[in-house]
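Novice: Sequence lines, in order, name chains R and Z.
When you line the first sequence up against numbering that gives the first Met the number 0, it's residues 0 to 248, in that order.
When you line the second sequence up against numbering that gives the first Met the number 0, it's residues 0 to 248, in that order.
Next up is a structure, given as structure tokens.
There are 2 protein chains.
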Amino acid sequence: MRILLSMPPRFHVPGLVPDDPLIDLPGEEAHHLHKVLRLGAGAAVRVFDGRGGEWDAEVVESGSRAVRVRRGAMVAAAPEAGVAITLAVALLKGDKLDEVVRDAVMLGVHAIRPFTSAHTEARGAARARSGRGRWARIALASTKQCGRAVLPVVHEVAPLASILAAPEGQGILLAEPAHAARRLADLGAAPPPSAATLMVGPEGGWHPGEVADAMRQGWTILTLGPRTLRADAAPIVALTAVMAVWGEL
Amino acid sequence: MRILLSMPPRFHVPGLVPDDPLIDLPGEEAHHLHKVLRLGAGAAVRVFDGRGGEWDAEVVESGSRAVRVRRGAMVAAAPEAGVAITLAVALLKGDKLDEVVRDAVMLGVHAIRPFTSAHTEARGAARARSGRGRWARIALASTKQCGRAVLPVVHEVAPLASILAAPEGQGILLAEPAHAARRLADLGAAPPPSAATLMVGPEGGWHPGEVADAMRQGWTILTLGPRTLRADAAPIVALTAVMAVWGEL
């Protein structure tokens, strides 16, 4: 885990053309370089394509109409996790999901799938329409800050059933110990999967039928010990816990 | 991990007299029962002593001058962690430490030691005087919510050196991979200690001399993988990670 930010500022350029040394930064990234960070010609930066490629670069032009950098040598970005973990997370009250997106990206999540379930707050669902664009921006900002060169996707809000029916990789649902759940150590005893979907419920908890549905569809029901966690802390705690026993930290 | 709150409201009575069935709740707890939750005579509650004892109880009087309950059978509180972990955490900007205290208590921390170090924000240090009372209240509220009957202590803000000199149990300092640090798997490979102090630094990171001091004094330097975390997410991520490899989750 790095806490100090010692790397040069990083900019996301999704449409990087191979072998073209001169790169025009897209709108928001140009704004960030020129207006927010106020970098001028000669400044050392990095560009990454969001799919794992990252390069040193030098600013050659910084203005309100165009920001252009010259790409240098390829560099090693922060390595990706070995298990591609999709975090399926229930809509939470207020802007609580913003922090979850930010920290999950920094931990190394592969993708984020917000969902609605029986006990999801109606207000949360109503806010979700405006959420996806904001979560995508937060995911990008976090990716830039944490040193990853892969940009995790934040998917459209979906109903629980559609995620239960088709998890990416091993489906793991976090539940209370009352359900016949497996402990974290059981999860760690098996070899890590290549991909997993980790699902964390809303403030209101699961409807019992939802957990039964998940079990019927082959999901692993996981519990994380005897103490009660806040719903908005649970996603990051659960993600950290499975990454820890899978040797990702 | 429980997310639903299915237990009756819980009240902290530090001075419980053995064998006395009638208990007067102290000031703030009485206020919470009578004014906030508006419980009346006959309501089912629980009382706990903050040292591990918990009992069913029934409200017999609920008024602005006195709140009295009748203690019933002893009940099993949420079990405590096997490793008594003290979280030593640098002062953070704004009220970021409030959330750390709340979630650390819910995860099952034994005690919290806020500290100042070379790169601690001066404003954080100035706010710390008012902080301790607030953090103690947050710790109590979290203890009541998460089902623990042991109330973790939030210590006075101390300088880093005093904690480095005398950790409770095994000293573990979270640092960047640049330091010759051990990985989480190394920590998990050894038998868990009976007690540990887990130390997490400020936004500004460690002064190199601080990490050197810790190493000289026998601390384990731990790193949590290659991606950068926000300083205010790092304490809970680190706490979860060590609890995961020590089999506490």
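Glycine is no exception: its CB is placed at the ideal position from the N, C-alpha and C atoms.
Only a predicted model underlies this, so the values are computations on that prediction, with no experimental measurement involved.
(1) Between the alpha carbons of Z:Val82 and Z:Ser193, how many angstroms are there, rounded?
(2) Quick one: is Z:Thr85 near chain R, going by C-beta distance under 7 Å?
(3) Can you find a CB in chain R that lies within less than 7 Å of the CB of Z:Met105?
(4) Please work out which residues of its chain come closer than 7 Å, Cβ to Cβ, to Z:Arg69, disregarding the five sequence neighbours upstream and downstream, and give them in chain order.
(5) For chain Z, is any of its Cβ atoms less than 7 Å away from the one on R:Gln169?
(6) Determine the closest residue to Z:Thr222 out of R:Leu228, R:His206, R:Leu221 and R:Gly246, with distance taken between C-alpha atoms.
(7) Just by C-beta distance, which residues in the segment 26-60 of chain R are closer than 7 Å to chain Z?
(8) By DSSP's criteria, R:Glu53 is part of a beta bridge. Which residues make up the other side?
(9) Give every residue of the same chain whose Cβ lies closer than 8 Å to the Cβ of Z:Leu91, excluding the five residues on either side of it in the sequence, and list them in chain order.
(10) Chain R partners of Z:Pro158, CB-CB under 8 Å?
(11) Closer than 7 Å, Cβ to any Cβ of chain Z: which residues of the segment 220-233 of chain R, in chain order?
(12) Of all the options R:Lys143, R:Ala140, R:Pro176 and R:Met198, which has the alpha carbon lying nearest to the alpha carbon of R:Ala165?
(13) Just verifying my parser: in three-state terms, what is the DSSP assignment at R:Glu202?
(14) Please identify the residue among R:Ser141, R:His154 and R:Thr115 whose C-alpha is closest to the C-alpha of R:Ala160.
(15) What is the rounded straight-line gap between the Cα of R:Thr251 and the Cα of R:Thr196?
(16) What are the residues of the segment 70-82 of chain R that lie near chain Z, defined by any Cβ-Cβ distance shorter than 7 Å?
(17) Work out the CA separation of Z:Val156 and R:Ile2 for me, nearest whole Å.
(18) Let's test the definition: count the other Cβ atoms within 10 Å of the Cβ of R:Ser129 and tell me whether it reaches 16, buried, or not, exposed.
(19) According to the Cβ coordinates, are R:Val12 and R:Val46 closer than 7 Å?
(20) Return helix, strand or coil for Z:Glu209, following the three-state DSSP convention.
(21) Pop quiz: R:Pro113 and R:Leu139 are said to be a contact at Cβ under 8 Å. What is the actual Cβ separation, rounded to whole angstroms?
(22) Does the beta carbon of Z:Leu163 come closer than 7 Å to any beta carbon on chain R?
(23) Taking CB distances under 7 Å as the criterion, tell me whether Z:Ala184 reaches chain R.
(24) Which term fits Z:Lys34, buried or exposed, when burial requires 16 or more other beta carbons within 10 angstroms of its beta carbon?
(25) Is Z:Val156 helix, strand or coil when you go by DSSP?
(26) Using a Cβ-Cβ cut-off of 8 Å (strictly less than) and excluding sequence neighbours within five positions of Z:Gly146, which residues of its own chain qualify?
Specialist: Once the coordinates are examined:
(1) Rounded to whole angstroms, Z:Val82 to Z:Ser193 spans 5 Å at the Cα level.
(2) Residue-level contact check: Z:Thr85 does not touch chain R, since none of the beta carbons of chain R fall below 7 Å from its beta carbon.
(3) By this cut-off, Z:Met105 is an interface position.
(4) Around Z:Arg69: Pro20, Leu21, Ala56, Glu57 and Val59.
(5) The beta carbon of R:Gln169 does not come within 7 Å of any beta carbon belonging to chain Z, so the residue lies off that interface.
(6) Closest by alpha carbon: R:Gly246.
(7) The residues in question: there are none.
(8) Beta-bridge pairing links R:Glu53 to R:Phe47.
(9) Same-chain partners within the cutoff: Val99, Glu120, Gly123, Pro201, Glu202, Ala230 and Asp231.
(10) None at all; the shortest Cβ gap to chain R is about 20 Å.
(11) Per Cβ criterion, the list reads Thr222, Leu223, Gly224, Pro225, Arg226, Thr227, Leu228, Arg229, Ala230, Ala232 and Ala233.
(12) For the set R:Lys143, R:Ala140, R:Pro176 and R:Met198, the Cα lying nearest the Cα of R:Ala165 is the one of R:Met198.
(13) Coil.
(14) Nearest C-alpha to R:Ala160: R:Thr115.
(15) The question about residue 251 of chain R has no answer, for chain R in this structure spans 0 to 248.
(16) Within the segment 70-82 of chain R, the residues whose Cβ lies closer than 7 Å to some Cβ of chain Z are Ala77 and Pro78, listed in chain order.
(17) Residue placement at R:Ile2 is flagged as unreliable, the pLDDT there being 42, under the threshold of 50; the coordinate-derived value follows with that caveat. The alpha-carbon atoms of R:Ile2 and Z:Val156 are separated by roughly 22 Å.
(18) Within a 10 Å sphere around the beta-carbon of R:Ser129 sit fewer than 16 other beta-carbons, which makes this residue exposed.
(19) The Cβ atoms of R:Val12 and R:Val46 lie closer than 7 Å to each other.
(20) Helix.
(21) Contact flag wrong, Cβ pair sits at about 16 Å.
(22) Answer no: the Cβ-Cβ gap between Z:Leu163 and chain R never drops below 7 Å.
(23) Z:Ala184 counts as touching chain R.
(24) Label assigned to Z:Lys34: exposed.
(25) Coil.
(26) The answer, listed in chain order, is Arg1, Met6, Arg9, Ala76 and Ala77.
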